[in-house]
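Same order as they appear, the protein sequences are chains A and B. Those letters in the first sequence? Residues 258 to 383, by this note's numbering. Those letters in the second sequence? Residues 40 to 259, by this note's numbering. Quick reminder that beta carbons are idealized off the backbone N, C-alpha and C, glycines included. Have a look at the structure below before the remarks.
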Amino acid sequence: MNILGIQLIGIIFGIIFTFFTYINIKKDKLKVIDGTMWIIVWLLLTLVSINPMIINFIAVDIFKMSRALDFIIISSFMLMFAVLYYMYLVVKNTEKRVETLVRNIAIEQNSKKQVTNKKPKTTKRK
Amino acid sequence: MKNTDWVIMPGYNEENHIANAISDVLKITNNLIVVDDGSIDVTEEIAKKKCNHVLRHKINLGKGAALKTGVEYAIKQGAKRFVFIDSDGQHEAKEIPEFLKKLDSGNDIVFGYRKLNKKMPFTFRLGNFVLSLVIFILFHIKLQDTQSGYRAMTKEAFERIKWKSSDYSVESEMIANAGKKKLKYEEIPINTIYHDVNKGTTVFNGLKIMLDMLKHKFKH
Numbered sequence: 258m259n260i261l262g263i264q265l266i267g268i269i270f271g272i273i274f275t276f277f278t279y280i281n282i283k284k285d286k287l288k289v290i291d292g293t294m295w296i297i298v299w300l301l302l303t304l305v306s307i308n309p310m311i312i313n314f315i316a317v318d319i320f321k322m323s324r325a326l327d328f329i330i331i332s333s334f335m336l337m338f339a340v341l342y343y344m345y346l347v348v349k350n351t352e353k354r355v356e357t358l359v360r361n362i363a364i365e366q367n368s369k370k371q372v373t374n375k376k377p378k379t380t381k382r383k
Numbered sequence: 040m041k042n043t044d045w046v047i048m049p050g051y052n053e054e055n056h057i058a059n060a061i062s063d064v065l066k067i068t069n070n071l072i073v074v075d076d077g078s079i080d081v082t083e084e085i086a087k088k089k090c091n092h093v094l095r096h097k098i099n100l101g102k103g104a105a106l107k108t109g110v111e112y113a114i115k116q117g118a119k120r121f122v123f124i125d126s127d128g129q130h131e132a133k134e135i136p137e138f139l140k141k142l143d144s145g146n147d148i149v150f151g152y153r154k155l156n157k158k159m160p161f162t163f164r165l166g167n168f169v170l171s172l173v174i175f176i177l178f179h180i181k182l183q184d185t186q187s188g189y190r191a192m193t194k195e196a197f198e199r200i201k202w203k204s205s206d207y208s209v210e211s212e213m214i215a216n217a218g219k220k221k222l223k224y225e226e227i228p229i230n231t232i233y234h235d236v237n238k239g240t241t242v243f244n245g246l247k248i249m250l251d252m253l254k255h256k257f258k259h
């Protein structure tokens, strides 16, 4: 089987990122479920790089599209929007948590100050 | 004023006005909480020289968050009623007792409305009219001024309408929640002093507030 240069780049890219993702899972920088999802993405990329005709089969035979490129573009957009939506939820949730944290710190700091001010001063006997 | 009545003053970068605003309130009551919402000027330092209860957000969160912080802290001090007043000196503290009188009459929440006058910018008057109309249609609350921050409420009212907005849309969310929970409300006229013409709700803010109103309408 003849492998073109671009296919080789795709295969190397997929293998490297699979490896990086695995390392990040081992170091606890990535959750297992998130990391597994990304590994599947990189493995699929590697598979498509080895045998690009898979895309043709999926796009033309299964989804009845005229061109494989259309399938790649549409599915890439869908994946990007899904990731964007997920990131949006993460950011919104983080905003809420930061707000709660900042407000609680403000209240607790002042409450501590009030308690310190209320403590009776001890005086030494002469 | 009772010992369980507390005034809450949120502020952000108000070093020019906060000293006078605090002095004004202290003539009426010592139960004042200033919440510095992450100011990058010396608002906090000035407030601390005059007021015993100054809270500070490490970062700017918005008016809604600052009010919530103030209320939660006030409740820890034994507060049963709150009056919200702006820190830019636009509101006269001598009107605080009027708000409390209306709460004494059995109201859950009291809104201050700015009397229309020539000093009020035209865009503010028009925007206020449109927002008042939208609020009446959506929540059946008739208010002349939906964006005035001069308000008072009981602790029970706060528990029922506890807002989620952290920014200026808190003013609208309070009204929306009061309407949805059918709180007893009243409006009283207030005097307003305009220092900065460009400060306040812009047309863009107004559109955002209207969208927020629609969101509150359909939220549980």
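Proximal residues to residue i (C-beta, below 7 angstroms), its chain only, five neighbours per side dropped
| i | result |
| --- | --- |
| residue 232 of chain B | 128, 129 |
| residue 111 of chain B | none |
| residue 217 of chain B | 148, 180, 200, 224 |
| residue 132 of chain B | 63, 64, 66, 67, 124 |
| residue 183 of chain B | 152, 171, 226 |
| residue 113 of chain B | 45, 47, 72, 121 |
Interface flag, residue i vs chain B, CB-CB below 8 angstroms
| i | result |
| --- | --- |
| residue 359 of chain A | yes |
| residue 350 of chain A | no |
| residue 316 of chain A | no |
| residue 368 of chain A | yes |
| residue 325 of chain A | no |
| residue 363 of chain A | yes |
Minimum C-alpha distance to residue i - residue among the options
| i | options | result |
| --- | --- | --- |
| residue 315 of chain A | A/306, A/307, A/325 | A/325 |
| residue 54 of chain B | B/214, B/70, B/89 | B/89 |
| residue 187 of chain B | B/107, B/243, B/226 | B/226 |
| residue 294 of chain A | A/274, A/357, A/356 | A/274 |
| residue 221 of chain B | B/241, B/208, B/197 | B/197 |
| residue 92 of chain B | B/71, B/85, B/118 | B/71 |
| residue 306 of chain A | A/329, A/368, A/260, A/355 | A/260 |
| residue 209 of chain B | B/254, B/136, B/168 | B/254 |
| residue 302 of chain A | A/351, A/267, A/368 | A/267 |
Environment of residue i [buried if 16+ CB atoms lie within 10 Å]
| i | result |
| --- | --- |
| residue 361 of chain A | exposed |
| residue 44 of chain B | buried |
| residue 339 of chain A | exposed |
| residue 366 of chain A | exposed |
| residue 347 of chain A | exposed |
| residue 42 of chain B | exposed |
| residue 342 of chain A | exposed |
Contact set for residue i: own chain, Cβ-Cβ below 8 angstroms, skip 5 residues either direction
| i | result |
| --- | --- |
| residue 279 of chain A | 292, 296 |
| residue 195 of chain B | 147 |
Cβ shell of residue i (< 6 angstroms), same chain only, five flanking positions each side left out
| i | result |
| --- | --- |
| residue 95 of chain B | 75, 83 |
| residue 177 of chain B | 252, 256 |
| residue 77 of chain B | 96, 98, 99 |
Using a Cβ-Cβ cutoff of 7 angstroms, what residues of the stretch 97–126 of chain B are near chain A? List them in chain order.
97, 98, 100, 104, 107, 108, 111, 112, 115
Where the stretch 84–96 of chain B meets chain A: residues whose CB sits under 9 angstroms from a CB there
91, 92, 93, 94, 95, 96
Interfacial residues, the stretch 205–225 of chain B to chain A, with Cβ spacing under 7 angstroms:
205
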